[in-house]
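Just below is one structure, and these are the notes that go with it.
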Amino acid sequence: MPISYELIKECKQSGARLGILHTPHGEVETPIFMPVGTKATVKTMTPEELKEIETQIILSNTLHLYLRPGHELIEKAGGLHEFMHWDGPILTDSGGFQVFSLDDLRDISEEGVEFRSFIDGSKHFFTPEKSIEVQNALGADIIMAFDECPPYPAEKEYVRKSLEMTTRWAKRCKDAHKNPDTQGLFGIVQGGMFRDLREQSAKELIELDFPGYAIGGLSVGEPKDLMIEVLEYTAPMLPKDKPRYLMGIGTPDYIFEAAINGIDMFDCVYPTRIARNGTAMTSTGRINLKNAQFKEDFKPIDEACDCYACKNYTRAYVRHLVKENEILASRLVTIHNLNFLLRLSENIREAIKEDRLLDYKEEFYKKYGYIE
RNA sequence: GUGAAUGUAGUGUUAGUGGUCAACACGCUGAUUUGUGGUGUCAGUACCAAGGGUUCGAAUCCCUUCAUUCACA
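Here the working numbering = 1-based position in the first sequence + 106.
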């Protein structure tokens with residue numbers, strides 16, 4: 107088995123899990139935030155810089171790399187690790203979510219999804235088999251099943267049919283998977299905001315026996331309370347001896363909820379995207395560096411942070427770079443935001459070790475401010 | 001010194017010839033961003049050079065002043 111999960115301990119106070127994810131490219135301490143590098147690069151960051159902030163595993167995207175530069179090319183280059191010069195663990199998303207966000211450019215059927223490229227308008231047909239073929243060529247440590255991510259809100263009957271198709275697709279993915287010895291294929295639990303459907307999805311997927319499970323279909327626009335409710339009852343449905351991945355979350359409040367509910371991995375474009383628009387997450391809350399109040403603020407982005415950006419530059423300077431649309435602005439804020447979530451993950455692991463995750467959460471919010 | 005023209009957001013353009021929200025770009029101010037469709041998205045931002053008239057009502061008409069530009073001396 108290329109992927110295995112080692113449960114180190116559970117937090118007595120919160121129930122959160124501390125663990126180690128074993129992959130062909132190294133171990134990952136969990137819970138962990140995974141930076142997103144859709145097009146074989148975490149935007150603005152070199153792999154060395156990612157290492158410097160102790161990034162343990164990164165994400166990349168099947169659909170984007172299939173469209174450009176093409177998985178054959180990456181295979182020729184020696185695989186994704188070699189191609190992008192990152193020797194740590196990589197997880198590739200299957201393309202299910204991208205197809206979902208294509209919305210009016212797609213047509214979903216039992217066989218697969220027909221969609222038009224957002225690059226040149228050309229028509230493509232993506233199936234579970236195709237997604238796995240591409241992911242096998244890319245060679246990530248963890249690959250994801252091709253799923254359908256229903257929107258919110260959605261009719262229960264639609265969600266049921268969708269989840270059942272996702273199960274059939276998961277089976278097809280498993281059958282199509284050519285490298286089960288070097289790449290671990292994760293299943294994705296769907297079922298929308300319906301408890302019985304989540305149960306059905308989890309049960310069906312667990313029967314297929316994947317080395318890890320993801321919770322998909324959350325963070326698609328539903329209210330936070332509802333999202334937490336679904337998370338609370340869905341996470342315990344997953345096997346304890348396998349890694350659990352909550353897809354698409356990346357704000358501190360959701361990360362705490364994820365960890366507390368026994369989630370081991372999560373990813374999100376949020377920190378890198380807001381960085382490119384001049385917003386930073388700090389120990390005292392989110393700040394918009396474009397705001398006039400920072401014009402003559404010669405303190406670092408976050409006084410409690412020791413990242414490269416905070417050690418060497420001021421808010422006033424970074425603000426200037428942001429206002430001028432300088433490339434360095436994106437780089438500095440990205441370094442900072444990713445470091446912020448990686449340190450948050452680290453602190454969460456530390457707190458689990460000492461059975462005080464709820465205390466740490468309280469402590470964190472006291473400074474960060476409560477988030478609605 | 002004489003004559004003429006012009007003066008509409010922070011900047012640059014522009015509509016408007018008495019009567020619903022004065023347009024556009026940039027800037028500025030703020031918000032937003034959740035398995036990334038790489039300089040995004042949304043919102044706000046002008047009492048029409050100043051003062052005084054005419055009128056129910058003026059950016060639009062009249063007078064004065066100021067500023068700028070051009071022509072003639």
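All residues carry an ideal CB built from backbone N, CA and C; glycine is no exception.
Quantities reported herein were computed from a predicted structural model and do not represent experimental measurements.
Which same chain residues, not among the five before or five after residue 204, have their C-beta less than 6 angstroms away from its C-beta?
Taking the first residue of the first sequence as position 1, residue 204 is located at position 98. 169, listed in sequence order.
From residue 317 to residue 423, what does the alpha carbon distance come to, in whole angstroms?
As a working note, residue 317 is residue 211 in the first sequence. As a working note, residue 423 is residue 317 in the first sequence. Near 47 angstroms, if we compare the C-alpha coordinates of residue 423 and residue 317.
Completely contained alpha helix (DSSP H) runs for the region 261-315, where each covers 4 or more residues
Counting whole runs of 4 or more residues, the region 261-315 contains the alpha helix (DSSP H) stretches 262-282 and 301-314.
Would you kindly check if the distance between the Cβ of residue 418 and the Cβ of residue 378 is under 9 angstroms?
Position 272 of the first sequence, counted from the first residue, corresponds to residue 378. Position 312 of the first sequence, counted from the first residue, corresponds to residue 418. Not a contact, by the Cβ cut-off of 9 angstroms.
Whether residue 111 touches residue 128 by CB criterion (9 angstroms):
As a working note, residue 111 is residue 5 in the first sequence. As a working note, residue 128 is residue 22 in the first sequence. Yes, the Cβ-Cβ distance between residue 111 and residue 128 is below 9 angstroms.
Taking C-beta to C-beta, are residue 247 and residue 275 nearer than 9 angstroms?
For the purposes of this step, residue 247 is taken as residue 141 along the first sequence, with counting starting at 1. For the purposes of this step, residue 275 is taken as residue 169 along the first sequence, with counting starting at 1. Against a cut-off of 9 angstroms, the Cβ pair of residue 275 and residue 247 comes out as no contact.
Would you mind sorting residue 332 into buried or exposed? The rule is 16 or more other CB atoms within 10 Å of its CB.
By one-based count along the first sequence, residue 332 stands at place 226. Counting Cβ neighbours within 10 Å, residue 332 comes out exposed, since fewer than 16 surround it.
What's the call for residue 137, buried or exposed, on a 16-neighbour Cβ count within 10 Å?
Locating residue 137 in the first sequence gives position 31, counting from the first residue. Buried, since its Cβ has 16 or more Cβ neighbours within 10 Å.
Straight-line gap, residue 344 to residue 315 (C-alpha atoms, nearest Å)
Mapped onto the first sequence, residue 344 falls at position 238. Mapped onto the first sequence, residue 315 falls at position 209. Just so you know, the alpha carbons of residue 344 and residue 315 end up roughly 11 angstroms apart.
Near residue 135, what residues of its chain come up, given a Cβ to Cβ distance below 7 angstroms and the 5 sequence neighbours on each side ignored?
Your numbering for residue 135 matches position 29 in the first sequence. In the same chain as residue 135, and ignoring 5 residues on each side of it, the C-beta atoms closer than 7 angstroms to its own belong to 126, 162 and 455, in chain order.
Please state whether DSSP places residue 415 in a helix, a strand or coil.
Sequence index remark: in the first sequence, residue 415 carries index 309 (1-based). Three-state result, residue 415: helix.
Taking the beta carbon of residue 386 as the centre, do at least 16 other beta carbons fall within 10 Å, making it buried, or is it exposed?
Within the first sequence, residue 386 is the residue found at index 280, counting from 1. Flag for residue 386 reads buried.
If you check the beta carbons only, do residue 347 and residue 113 fall under 9 angstroms apart?
Counting from 1 along the first sequence, the entry for residue 347 is found at position 241. Counting from 1 along the first sequence, the entry for residue 113 is found at position 7. Cβ atoms of residue 347 and residue 113: closer than 9 angstroms.
Taking 8 angstroms as the cut-off, does the region 113-124 touch the region 446-463 (at least 3 CB pairs, one atom from each stretch)?
Counting C-beta pairs closer than 8 angstroms gives three or more between the region 446-463 and the region 113-124, which meets the contact rule.
For residue 135, write down the residues that DSSP places opposite it in a beta bridge.
Here residue 135 refers to the residue found at position 29 of the first sequence. For residue 135, DSSP records a beta bridge to 126.
In chain order, which alpha helix (DSSP H) runs of at least 4 residues are fully inside the region 177-238?
Listed in chain order, the alpha helix (DSSP H) runs fully inside the region 177-238 are 177-182, 186-190 and 202-208, counting runs of at least 4 residues.
Residue range of the beta strand (DSSP E) that includes residue 394:
In the first sequence, residue 394 corresponds to position 288, counting from 1. Going by DSSP, residue 394 is part of the beta strand (DSSP E) stretching over 391-394.
Closest Cα partner of residue 181 within the set 198, 350, 242 and 475
Translated into the one-based positions of the first sequence, residue 181 becomes position 75. For the residues 198, 350, 242 and 475, the minimum Cα distance to residue 181 belongs to 242.
Are residue 200 and residue 249 closer than 9 angstroms when you measure CB to CB?
In the first sequence, residue 200 corresponds to position 94, counting from 1. In the first sequence, residue 249 corresponds to position 143, counting from 1. Judged by their CB atoms, residue 200 and residue 249 are nearer to each other than the 9 angstroms cut-off.
Along the chain, where does the alpha helix (DSSP H) that runs through residue 158 open and close?
Start at 1 with the first residue of the first sequence, and residue 158 comes out as number 52. Run containing residue 158: 153-158, per the alpha helix (DSSP H) assignment.
With respect to the alpha helix (DSSP H) encompassing residue 319, which residues constitute its N-terminal and C-terminal limits?
In the first sequence, residue 319 corresponds to position 213, counting from 1. Where residue 319 is concerned, there is no enclosing alpha helix (DSSP H), although the beta strand (DSSP E) it sits in stretches over 319-321.
For a test of your reading of the model: does the CB of residue 120 fall under 8 angstroms from any non-hydrogen atom of the ligand HEM? Yes or no.
By its list of ligands, the structure shown contains no ligand whatsoever, and the ligand HEM lies outside what it can speak to.
Provide the residue span of the alpha helix (DSSP H) that contains residue 332, from first to last.
Translated into the one-based positions of the first sequence, residue 332 becomes position 226. Run containing residue 332: 330-340, per the alpha helix (DSSP H) assignment.
In terms of alpha-carbon separation, which member of 211, 245 and 391 lies closest to residue 231?
As a working mapping, residue 231 is identified with position 125 in the first sequence. Per the C-alpha coordinates, the member of 211, 245 and 391 positioned closest to residue 231 is 211.
Given residue 300, which residues of its chain have a CB within under 7 angstroms of its CB, disregarding the five upstream and five downstream residues?
Taking the first sequence and counting its residues from 1, one reaches residue 300 at position 194. The residues 262 and 265, in chain order, have a CB closer than 7 angstroms to that of residue 300 in the same chain once the five nearest residues on each side in sequence are set aside.
Chain-order list of residues whose beta-carbon lies under 6 angstroms from that of residue 150 (same chain, five-residue window excluded):
Walking along the first sequence from the start, residue 150 turns up at place 44. The beta carbon of residue 150 lies closer than 6 angstroms to those of 436, 437 and 440 in the same chain, with the five residues before and after it left out.
Could you please give the first and the last residue of the uninterrupted beta strand (DSSP E) stretch that includes residue 376?
Working through the first sequence from its first residue, we reach residue 376 at position 270. Per DSSP, residue 376 belongs to no beta strand (DSSP E); it is in the alpha helix (DSSP H), 376-382.
Range of the contiguous beta strand (DSSP E) that encloses residue 453
Translated into the one-based positions of the first sequence, residue 453 becomes position 347. Per DSSP, residue 453 lies in no beta strand (DSSP E) segment; the continuous alpha helix (DSSP H) that holds it begins and ends at 433-459.
Need the endpoints of the beta strand (DSSP E) that residue 115 sits in, please.
Locating residue 115 in the first sequence gives position 9, where the first residue counts as 1. Residue 115: member of the beta strand (DSSP E) spanning 110-116, first to last residue.
Own chain, CB closer than 6 angstroms to residue 389, minus 5 neighbours either side, in chain order
The residue given as residue 389 occupies position 283 in the first sequence. For residue 389, where only same-chain residues beyond five positions count, the Cβ hits under 6 angstroms are 408, 410 and 473.
Residue 248 by DSSP, collapsed to three states: which one?
Taking the first sequence and counting its residues from 1, the one referred to as residue 248 is at position 142. Residue state, collapsed to three classes: strand.
By Cβ distance below 7 angstroms, which residues in the same chain neighbour residue 225 in space, the five residues on each side in sequence not counted?
The count along the first sequence starts at 1 and reaches residue 225 at position 119. Counting only Cβ-Cβ distances below 7 angstroms, and skipping sequence neighbours, we find 173 and 174.
Inter-residue spacing [alpha-carbon to alpha-carbon] between residue 197 and residue 283
Walking along the first sequence from the start, residue 197 turns up at place 91. Walking along the first sequence from the start, residue 283 turns up at place 177. C-alpha separation (whole angstroms): 15 angstroms.
Determine the contact status of residue 330 and residue 360, defining contact as a CB-CB distance below 9 angstroms.
Counting from one through the first sequence, the residue named residue 330 turns up at place 224. Counting from one through the first sequence, the residue named residue 360 turns up at place 254. Yes, Cβ-Cβ distance for residue 330 and residue 360 is below 9 angstroms.
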